[in-house]
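As structure tokens, the structure follows; a few thoughts come after it.
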Ligand SMILES: Cc1cc2nc3c(=O)[nH]c(=O)nc-3n(C[C@H](O)[C@H](O)[C@H](O)COP(=O)(O)OP(=O)(O)OC[C@H]3O[C@@H](n4cnc5c(N)ncnc54)[C@H](O)[C@@H]3O)c2cc1C
Ligand code: FES
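In the numbering used here, the protein residues as written are 44 to 363.
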């Protein structure tokens, strides 16, 4: 099955985990088995809002070996564009949604000697399926999980049950700060570190690893990047012969999709490279927000990742 062929799922259970996070259990709406996945995978959930179709990626928290259901944890983002609010306020037990097949951009390198997992807040979600794999392999690992306050530590009891003494919980309000240099110090050769959380945490872990002499190949990260608002512009889709207006609140990818043009994607978060478009012409500047293009590719001005990047211009012409 291709990632963009969607699967109908029925919401079987909704569990409030913290004041901001709900966990949703999804089963195949036709009663069949769901595609298997590997630890760190996400699905893209489609939600029909009152004025738009939201397509948001969410990491899978359930066991990779359980084809009976998927679980996702959704943090409500009140300042976002409504997808997570829709999940919290409109979706109920029995609701039917469509989801993509799982895609993994954050896999565990299972042959490594040891695994250090570092999560901040909602960034814990992809680690649940990693933990299932690590426990099954009886692999050496540590889980470092930072939350703002005790009320946001709703997953801690469950994580304690899974990881036992390998869980290190940091409640920032209690003055218990996670120090990345300390966590990375003295780890055996062949250890990899995985981080998922706010941008500042990811940057700090990468910097601490570099400072401690870790090579980039041993440092893995996933950021829950979303499209940011911007100034409206016009995009000419040269091959389709269509011109679309990209409003301030929609991404270029969403504007292309809304015009009925099929555009590829996997992550919708600037990481996978799948949505890359060739820029044929623009009268302004490209605003790159992805993690995929190199500095040279950005400077070249010929490539754009429409899931998170946009342009500050009157008009951009794209080869799609
Ligand atoms: C690979 C991947 C996995 C993910 N996994 C999870 C997960 O497991 N759980 C989870 O909760 N989320 C996850 N996300 C994030 C998720 O897809 C959504 O981005 C999130 O739920 C917010 O969606 P939204 O529609 O409410 O807001 P979005 O429109 O997606 O906005 C999110 C952010 O964009 C900014 N923003 C957007 N519009 C505005 C505006 N008008 N004004 C100001 N700021 C704005 C804000 O900073 C806001 O925090 C993941 C993302 C990726 C890329
Ligand atoms: S869909 Fe992955 S980078 Fe755009």
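All C-beta atoms in this analysis are idealised placements derived from N, C-alpha and C, irrespective of residue type, glycine included.
According to the neighbour-count rule (16 or more other Cβ atoms, all chains shown, within 10 Å of its Cβ), is residue i buried or exposed?
i           : result
residue 137 : exposed
residue 122 : exposed
residue 240 : buried
residue 270 : buried
residue 352 : buried
residue 176 : buried
residue 99  : buried
residue 118 : buried
residue 143 : buried
residue 96  : exposed
On the DSSP bridge list, what partners appear for residue i?
i           : result
residue 325 : 359
residue 155 : None, per the DSSP bridge assignment.
residue 65  : 59 and 117
residue 384 : A question about residue 384 goes unanswered here, because the residues of the chain that appear run from 44 up to 363.
residue 185 : 159
residue 346 : 321
Compute the distance between the beta-carbons of residue i and residue j, then report whether it is under 9 angstroms.
i           : j           : result
residue 116 : residue 79  : no
residue 330 : residue 346 : no
residue 77  : residue 101 : no
residue 171 : residue 244 : no
residue 153 : residue 180 : yes
residue 228 : residue 212 : no
residue 350 : residue 294 : yes
residue 54  : residue 135 : yes
residue 169 : residue 106 : no
Is residue i close to ligand 4? I mean its beta-carbon at under 8 angstroms from any heavy atom of the ligand.
i           : result
residue 317 : Ligand 4 is not part of this structure, which contains only ligand 1 and ligand 2.
Are the C-beta atoms of residue i and some chain C residue less than 9 angstroms apart?
i           : result
residue 219 : Chain labels in this structure do not include chain C; a single protein chain is all it has.
task = Give a yes or no on contact between the stretch 293-301 and the stretch 233-247, applying the rule of three or more CB pairs nearer than 8 angstroms.
result = no
inquiry  = With three or more beta-carbon pairs closer than 8 angstroms as the criterion, would you say the stretch 183-194 touches the stretch 146-165?
reply    = yes
request  = Kindly confirm or deny that the stretch 264-273 and the stretch 319-327 touch, where touching means at least three C-beta pairs closer than 8 angstroms.
outcome  = no
query = Counting Cβ pairs, one atom from each stretch, are 3 or more of them under 8 angstroms apart for the stretch 126-135 and the stretch 84-96?
reply = yes
query = Touching or not, the stretch 255-263 and the stretch 274-283, by the rule of three or more beta carbon pairs under 8 angstroms?
reply = Too few Cβ pairs lie closer than 8 angstroms, so no.
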